[in-house]
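For the sequence shown, numbering that gives the first Met the number 0 assigns the number 0 to the initial residue and increments by one for each residue that follows. Just so it is clear, CB atoms sit at the ideal spot from N, CA and C, and this is done for glycine as well. In this text the structure is predicted, and so the values were computed from the model without any measurement. Comments concern the structure below.
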Amino acid sequence: MRFIAATFATSLALIAAPAAASGMNATEFTAEVQHKDVDLTSRDGVALLDERLKTTIRQQCANGGRDLQSIRLERECRQSALASVERQVRFAVAEAKANKVRLAQGTPVAPQG
């Protein structure tokens with residue numbers, strides 16, 4: 000099972016633990032993906048965050064194996080990590096858009112963190 004947790008103040012924190020499908024020891028990783036500098040209210044900003052996530056996940060899930068089992072485990076790790084973070088990205092985007100509306104209306108935005 001893979002898990003991804005989020006901290007929305009300045010980054011999305013990825014935590015993944017690939018399953019030991021074949022009895023191998025599970026490997027865990029934690030990585031933060033910065034997004035404070037990204038405008039999550041724009042398509043380009045969301046695309047940039049998506050690329051950062053994919054790059055980080057690809058790097059963290061890489062196991063260096065060339066055999067079919069290693070390739071399969073790496074692919075499963077990437078798919079699971081991306082699926083796990085999807086909800087958090089949607090939340091971060093929605094929060095950014097809501098804050099943009101609040102700022103435009105002059106409504107105070109609650110501090111994050």
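Of all alpha-carbon atoms in Ser79, Ser41, His34 and Gly105, the one lying nearest the alpha-carbon of Ile56 is that of Ser79. Within the model, the alpha-carbon separation for Asn62 versus Glu50 is close to 20 Å. Within its own chain, the residues whose Cβ lies closer than 7 Å to the Cβ of Ala95, once the five positions on either side in sequence are excluded, are Leu39 and Thr40, listed in chain order.
In this structure, Val84 places its C-beta atom within 8 Å of the C-beta atom of Leu52. An exposed status is given to Arg101, since fewer than 16 other beta-carbon atoms sit within 10 Å of its beta-carbon.
About 5 Å separates the beta carbons of Leu47 and Val37, which is inside the 8 Å limit, making them a contact pair. Of all alpha-carbon atoms in Val88, Leu81 and Glu73, the one lying nearest the alpha-carbon of Arg42 is that of Val88. Cys60 is not a Cβ neighbour of Arg71, given a cutoff of 8 Å. DSSP places Thr54 inside the alpha helix (DSSP H), whose first and last residues are Arg42 to Cys60.
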